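K.L.:
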Amino acid sequence: WYQRRVRGKLMSSLHYVPPELLLPITKGHHHRWTTFYTDNSYRQMDVYMASLILWQITRRTLEGGALPFSLPYEDTVGDEPSLEDIAAVVANTRPHLQSHWLQHPDLRRLCWLLQSGWKAEPSQRLTAHCIHRLMGNPAALDAIASYQTEP
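Heads up, the sequence shown is in our numbering, so the first residue is 10 and it goes up one at a time.
1) Assign glutamine 124 to buried or exposed, taking buried as 16 or more other Cβ atoms, counted over all protein chains shown, within 10 Å of its Cβ.
2) According to the Cβ coordinates, are alanine 137 and aspartate 55 closer than 9 Å?
3) Within 8 Å, do at least three Cβ pairs link the region 73 to 86 to the region 98 to 107?
4) Counting only the same chain and skipping the five closest in sequence on each side, list residues whose C-beta sits under 7 Å from that of glutamate 154.
5) Ordered along the chain, which non-local residues of its own chain (more than five positions away) have a Cβ less than 7 Å from that of tryptophan 64?
6) I'd like the list of long-range same chain contacts for proline 27, defined as Cβ closer than 7 Å, with 5 residues on each side in sequence excluded.
7) With distances taken Cα to Cα, identify the nearest neighbour of leucine 31 among Ile140, Asp151, Asp94 and Pro147.
8) If you draw a straight line from the alpha carbon of histidine 24 to that of alanine 149, how long is it in whole angstroms?
9) Among Ser132, Arg134, Trp110 and Ile62, which has the Cα closest to the Cα of glycine 74?
10) Around the C-beta of serine 60, are 16 or more other C-beta atoms found within 10 angstroms, so that it is buried, or is it exposed?
11) Tell me whether tyrosine 25 sits in a helix, a strand or coil according to DSSP, three-state version.
12) Using 10 angstroms around the beta-carbon of arginine 142, count the other beta-carbons present and answer buried if the total reaches 16, otherwise exposed.
13) Taking buried to mean at least 16 other C-beta atoms within 10 Å of its own C-beta, is leucine 135 buried or exposed?
14) When we look at the beta-carbon of isoleucine 66 and count the other beta-carbons within 10 Å, is it buried (16 or more) or exposed?
Quick look at the structure:
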């Protein structure tokens, strides 16, 4: 796994690994990463990871309340989780959306995009192309996000 420095410590990027890569761990098959992934599979993994990064950015915006830096799932597994710990968490949860984000028109749209991008099933996630098209059409995004955003 990729490693980087955060707060002066060398860290892995397990916080960003999508559920489909962690599924063998939750099933107890650590050695079975033999699934064949297509180009589209990798694109959907990128959408998942990008959604987590957008969640981090949203936490740091003034409209978002400028919360302190946090890795996805850090409140549950800490900043250096084991593969098993992160797999268990990602199988059952997603990062917390602040309730006041849903009251802000722009952040409400973004919350819907986040939720659509980090779905557990890759085929249920929006594609990068769809996200790009929606971001260029705020009226369409408003119409969707106004009734589909989950608290």
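Note that beta-carbon positions come from the ideal geometry of N, C-alpha and C, so glycine has one too. The model shown is predicted, which means the values in this text are computed figures rather than measured ones.
P.N.:
Working from what's here:
1) buried
2) yes
3) yes
4) Note that residue 154 corresponds to alanine in the displayed sequence, not to glutamate. Within the same chain, alanine 154 has close Cβ partners Arg117, Arg118 and Trp121.
5) Pro81, Pro104 and Leu123
6) Exclusion of the five residues before and after proline 27 leaves Met54, Tyr57 and Met58 as the residues of its chain whose Cβ lies within less than 7 Å of its Cβ.
7) Asp94
8) 31 Å
9) Trp110
10) Classified as buried, serine 60 has 16 or more neighbouring CB atoms from the shown chains inside 10 Å of its CB.
11) helix
12) exposed
13) buried
14) exposed
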